[in-house]
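Colleague: Adding 10 to a residue's 1-based position in the sequence shown gives its number in the working numbering. Note that CB positions come from ideal geometry on N, CA and C, so glycine has one too. Take this structure first; my questions come after.
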Amino acid sequence: MNTLEVDVAIIGAGTAGMSAYRAALAHTRSVLVIEGGQ
């Protein structure tokens, strides 16, 4: 298993997730979006 340290982790890449991503980028560049596969 790999380990990754980030300031913000967002679960879901839908509309709300992408809005949260853009808001987080205003404060830090250490942002991760996690989207589940099928």
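Have a look at R39, A36 and A23 and flag the residue whose alpha-carbon is nearest the alpha-carbon of G47.
Modeller: Nearest option by C-alpha distance: A23.
Colleague: Could you please give me the residues that DSSP links to V43 through a beta bridge?
Modeller: In the DSSP output, where bridge partners are listed per residue, V43 has I20.
Colleague: Anyone know if the C-beta pair for Y31 and V43 falls short of 8 Å?
Modeller: It is a contact, given that the beta carbons lie within the stated cut-off.
Colleague: Alpha carbon to alpha carbon, how far is S29 from I20? Give it in angstroms, no decimals.
Modeller: Roughly 10 Å separates the two Cα atoms.
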